[in-house]
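Participant: Just dropping this structure here.
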Ligand SMILES: [Zn+2]
Ligand SMILES: [Zn+2]
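Residue numbers (UniProt numbering), protein chains in the order written: chain A, 1 to 202; chain B, 1 to 202.
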């Protein structure tokens, strides 16, 4: 049986989703066609819309449909003088879900990885340094992942902080080494925040 | 953190896929936005196209973008005089993947389920009966699932066959009771075909 072109294309396209192999993709395609065409159509529109409408906040770089996100626009958050640096928007989401951090964020959208051509500029560190030099930030919480690249990136940013006389701390306890920040539960994440240590200047 | 509307809609829409819960949907959405916008856009188009372009074959009711599918149009298949009745297009796919069945199909797109208001007409048995009465079919292979509803449906169709003097057989060996036809491997499926029994007339 030759599947129709549109069906083959759909099965192939479904595999862009992490965790969806060829067999799962086929089952999803047939499920939607047989039992949930409305859901499939809605998903098609939602994807098309999201991929074009969702950009990045000009200030913190997280996902945003406006020039600036709600967090960056909040005067309460601005007054906190605290900036948490994370690798990805999912990390912002994980921290916000604890409801206990009330400062600003800066989202790198990655980490330093010279081997892949990802230097300071690629992860927005020029924008971050400008922000640090402008004043208003007293402490930078380095919440990059506890991987080699995450640590290297945190260390690099700590240097930027020192240069601009801004305190830098690194979240510490609770996050399993090699793990991913956004997979950690809220309580562990809050332990990591309260157990943060000042990064000493060399 | 309030997620943007488009992002919330995307996460919600992703859940139309079987096996995708809220956490998986969130991870998929962020993955596509962060690392594979091209894949996300292609999936959006593929879904939109598939949900409108893919209809049903007028003859066998399987998924098809033309009025009739390739199998129904094949004179070799027509000459076989054998018609295999299955519940869903995925069953056709599973049987075709064995490469050993060379007859025609009829796809019920479900099974009899009076409690859900699914009677003979809802699963196309009026179309099937018309086909049987027209001649050209010598044997109907009843390959509905080995569930209570599948057995009931097979029995009902066997009666239609008897009425029209067409032989009816039920696939038997190898398919685990309560299992699903399209999850069985090709060899087991072929055993089930060769071990089919004639359904005796009451
Ligand atoms: Zn922002
Ligand atoms: Zn057909």
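Yeah, the Cβ is synthetic: ideal placement off N, Cα and C, and Gly gets one too.
Just jot down, in chain order, the residues whose CB lies closer than 5 Å to any heavy atom of ligand 1.
Facilitator: Per the Cβ criterion, the list is 57(A), 59(A), 60(A), 69(A), 72(A).
Participant: Going straight from the alpha carbon of residue 118(A) to that of residue 18(A), what length do you get?
Facilitator: Residue numbering aside, residue 118(A) sits at position 118 when the first chain is read from its first letter. Residue numbering aside, residue 18(A) sits at position 18 when the first chain is read from its first letter. Distance between the alpha carbons of residue 118(A) and residue 18(A) is about 23 Å.
Participant: Using beta carbons (cut-off 8 Å, strictly below), is residue 7(A) in contact with chain B?
Facilitator: Looking up residue 7(A) in the first chain gives position 7. Yes, residue 7(A) lies at the interface with chain B (some Cβ there is under 8 Å from its Cβ).
Participant: Excluding sequence positions up to five away, which residues of its chain have a Cβ less than 6 Å from the Cβ of residue 80(B)?
Facilitator: On the second chain, residue 80(B) is found 80 positions in, with the first residue counted as 1. Contacts found: 102, 103.
Participant: Which residue's Cα is closest to the Cα of residue 162(B): 10(B), 98(B), 182(B), 141(B)?
Facilitator: By 1-based counting over the second chain, the position of residue 162(B) is 162. Nearest of 10(B), 98(B), 182(B), 141(B) to residue 162(B), Cα basis: 141(B).
Participant: One question on the structure: do residue 108(B) and residue 123(B) come within less than 8 Å of each other, judged by their Cβ atoms?
Facilitator: For the purposes of this step, residue 108(B) is identified with residue 108 of the second chain, where counting begins at 1. For the purposes of this step, residue 123(B) is identified with residue 123 of the second chain, where counting begins at 1. It is a contact, given that the beta carbons lie within the stated cut-off.
Participant: Kindly examine ligand 3 and report whether one of its heavy atoms sits closer than 7 Å to the Cβ of residue 62(B).
Facilitator: You won't find ligand 3 in this model; what it holds is ligand 1 and ligand 2.
Participant: Give the secondary structure of residue 252(B) by DSSP, where H, G and I count as helix, E and B as strand, and everything else as coil.
Facilitator: Nothing in the structure corresponds to residue 252(B), since chain B is present only between 1 and 202.
Participant: Taking C-beta to C-beta, are residue 98(B) and residue 189(B) nearer than 8 Å?
Facilitator: Locating residue 98(B) in the second chain gives position 98, counting from the first residue. Locating residue 189(B) in the second chain gives position 189, counting from the first residue. Yes; because the gap between Cβ atoms is below 8 Å, this pair is in contact.
Participant: Output the boundary residues of the beta strand (DSSP E) element that contains residue 139(A).
Facilitator: Along the first chain, one-based indexing puts residue 139(A) at 139. Segment 139 to 142, the beta strand (DSSP E) holding residue 139(A).
Participant: Helix, strand or coil for residue 48(A), going by three-state DSSP, please let me know.
Facilitator: Within the first chain, the letter at position 48 stands for residue 48(A). Looking at residue 48(A) - three-state DSSP - the assignment turns out to be helix.
Participant: How about the segment 5 to 17 of chain A and the segment 18 to 34 of chain B: do they share at least three Cβ pairs that are nearer than 8 Å?
Facilitator: Verdict: yes, contact present.
Participant: If we define contact as Cβ-Cβ less than 8 Å, is residue 190(B) a contact residue for chain A?
Facilitator: As a working note, residue 190(B) is residue 190 in the second chain. So, not an interface residue.
Participant: What is the residue span of the alpha helix (DSSP H) that residue 77(A) lies within?
Facilitator: Position 77 of the first chain, counted from the first residue, corresponds to residue 77(A). Segment 75 to 79, the alpha helix (DSSP H) holding residue 77(A).
Participant: So, with DSSP's three-state summary, where would you put residue 11(B)?
Facilitator: As a position in the second chain, residue 11(B) is number 11, starting the count at 1. Of the three classes helix, strand and coil, the one that applies to residue 11(B) here is helix, per DSSP.
Participant: How is the alpha helix (DSSP H) around residue 169(A) delimited, first residue to last?
Facilitator: Taking the first residue of the first chain as position 1, residue 169(A) is located at position 169. No alpha helix (DSSP H) contains residue 169(A), which is instead part of the beta strand (DSSP E) from 167 to 170.
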